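The opening position of the sequence shown corresponds to residue 295 in this note's numbering, with each subsequent residue numbered one higher. Each remark here refers to the structure printed beneath this line.
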Amino acid sequence: MTATDQMRAMLDQLMGTGRNGENNRYTLRFHDGKVCKSFLLGCCPHEILASTRMDLGECPKVHDLALRADYEKASKNKDYYYDIEAMEHLQAFIADCDRRTEAAKKRLAETQEELTAEVAQKANAVHQLAEEIGKKLAKAEALGEAGEVEESMKLMGEIDELRSQKVKAEHEYRSSMPASTYQQQKLRVCEVCSAYLGIHDNDVRLADHFGGKLHLGFMAIREKLTDLEKTAGPRKAELRKGGSRNEREYEERKSRYYVGGRELDRRSRVHRSRSRDRKVGSSKRRSRSRSRSRSRSRQSSRRRSYSRERDRR
Numbered sequence: 295m296t297a298t299d300q301m302r303a304m305l306d307q308l309m310g311t312g313r314n315g316e317n318n319r320y321t322l323r324f325h326d327g328k329v330c331k332s333f334l335l336g337c338c339p340h341e342i343l344a345s346t347r348m349d350l351g352e353c354p355k356v357h358d359l360a361l362r363a364d365y366e367k368a369s370k371n372k373d374y375y376y377d378i379e380a381m382e383h384l385q386a387f388i389a390d391c392d393r394r395t396e397a398a399k400k401r402l403a404e405t406q407e408e409l410t411a412e413v414a415q416k417a418n419a420v421h422q423l424a425e426e427i428g429k430k431l432a433k434a435e436a437l438g439e440a441g442e443v444e445e446s447m448k449l450m451g452e453i454d455e456l457r458s459q460k461v462k463a464e465h466e467y468r469s470s471m472p473a474s475t476y477q478q479q480k481l482r483v484c485e486v487c488s489a490y491l492g493i494h495d496n497d498v499r500l501a502d503h504f505g506g507k508l509h510l511g512f513m514a515i516r517e518k519l520t521d522l523e524k525t526a527g528p529r530k531a532e533l534r535k536g537g538s539r540n541e542r543e544y545e546e547r548k549s550r551y552y553v554g555g556r557e558l559d560r561r562s563r564v565h566r567s568r569s570r571d572r573k574v575g576s577s578k579r580r581s582r583s584r585s586r587s588r589s590r591s592r593q594s595s596r597r598r599s600y601s602r603e604r605d606r607r
């Protein structure tokens with residue numbers, strides 16, 4: 295994005311579609327069904343998880359900073375109930391993510407060597423300490439970058455204490471099983487973002503995970519959902535009880551709104567479609583290559599035949 299584009303986006307975000315009297319260039323308004331209501335509230339998973347391993351691709355709804363500015367201005371005078379739509383969107387999305395997390399846990403249980411209850415408890419203790427170290431280390435790094443040196447150093451002291459506890463927990467875990475079994479990587483699934491974490495992952499690897507865009511993105515989505523359920527949940531009951539025009543408008547928008555775990559399925563379909571396109575393209579290239587090779591072979595054969603005929607003459 296060029297500097298001019300960045301300045302234009304900032305103006306759109308601050309002033310909305312009416313900046314410089316440009317209302318006519320916008321055919322959409324923020325209340326249009328094609329506009330992403332989760333984006334208007336700053337919580338669309340397509341935007342939050344962009345450029346991560348779980349990139350969902352482009353949102354099927356319109357994202358526009360100017361429309362968000364228009365909504366923020368208009369919502370001061372009228373309740374559009376978009377927070378309820380966003381809540382249901384995130385509820386369906388997170389529910390599908392949680393189903394996938396449980397499926398990943400089931401696959402691990404089927405493929406990894408089963409541990410006794412005592413050993414599993416010790417392994418979980420190591421995992422929990424490792425996760426806590428990773429989270430605190432990521433936070434300490436963020437505080438250090440923000441100039442909060444004192445707070446960062448305080449966290450590093452807590453991390454040192456946790457590391458000592460982890461060494462003891464690892465010793466207990468190691469001594470409870472044969473050496474060959476201990477060397478095998480025991481995995482678990484992150485409850486927030488569904489990524490795989492290993493019991494032998496070092497602190498840097500864990501800090502990269504817990505401070506990474508994917509994990510932080512899922513944390514932001516889950517925290518936003520928790521907030522919306524506290525505020526929009528009761529309002530949803532009020533909306534239905536009222537039986538007003540607002541409820542009819544809400545239900546109409548909801549019927550057209552692209553929600554839920556289907557986004558992850560759509561991501562999978564897009565990935566498979568791209569994979570098929572690459573295979574088809576590769577097949578066509580191989581076919582053209584074979585055709586060119588056969589053509590060159592025929593031309594070479596003709597030249598050799600012509601040369602032998604000329605020699606006989």
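Just so you know, even glycine gets a beta-carbon here, dropped at the ideal spot from N, CA and C. Owing to the predicted nature of the structure, the values given are computational and were not obtained by experimental measurement.
- Residue nearest to N418 within the set E466, K518, D502 and C337 is E466 (criterion: CA-CA distance).
- Ranked by Cα distance from Y365, the options G438, G336 and A386 are led by G336.
- Membership of V461 in the alpha helix (DSSP H) is indicated by the continuous run V443 to S469.
- One alpha carbon belongs to G492, the other to A526, and they sit about 38 Å apart.
- For Y376, the enclosing alpha helix (DSSP H) has its first and last residue at Y376 to T405.
- Counting every other CB atom within 10 Å of its CB across the protein chains shown gives A463 a total of 16 or more, marking it as buried.
- Note that the C-beta distance between L533 and L384 is not below 7 Å.
- The continuous alpha helix (DSSP H) containing R362 extends over residues L359 to A368.
- The C-beta distance from T346 to L500 rounds to 17 Å, too long to fall under 8 Å, and the pair is not in contact.
- In this model, L361 and C338 are separated by some 14 Å (Cα to Cα).
- By the Cβ criterion, the stretch 423-430 is in contact with the stretch 444-453, since at least three pairs of Cβ atoms, one from each stretch, lie closer than 8 Å.
- In the displayed model, R482 falls within a strand according to three-state DSSP.
- Beyond the five residues adjoining it in sequence on each side, H340 comes within less than 6 Å, by CB distance, of L350 and C353 in the same chain, given in chain order.
- The distance from the Cβ of L522 to that of M381 is about 4 Å, consistent with a contact at the 8 Å cut-off.
- Nearest neighbour of K328 by Cα position, chosen from V356, I342, A344 and L334, turns out to be V356.
- DSSP, reduced to helix, strand and coil, places L510 within a helical segment of the structure shown.
- With contacts defined as CB atoms closer than 7 Å, M513 and V483 fail to qualify as a contacting pair.
- Secondary structure at L335: coil, using DSSP grouped into helix, strand and coil.
- If the five residues before and after L409 are omitted, its C-beta is found closer than 7 Å to the C-beta atoms of A417, all from its own chain and listed in chain order.
- Here DSSP, grouped into helix, strand and coil, assigns G327 to coil.
- Pairing D392 with S332, the inter-Cα distance amounts to about 20 Å.
- Residue burial annotation: V420 is buried, with at least 16 other C-beta atoms found within 10 angstroms of its C-beta.
- Assignment of G351 by DSSP, reduced to helix, strand and coil, places it in the coil class.
- The three-state reading of DSSP puts G505 in coil, since its state is none of H, G, I, E or B.
- Annotated three-state conformation of L491 is strand, per DSSP.
- Put simply, the backbone Cα of Q422 is about 43 Å away from that of Y374.
- Nearest neighbour of A403 by Cα position, chosen from L343, L481 and S488, turns out to be L481.
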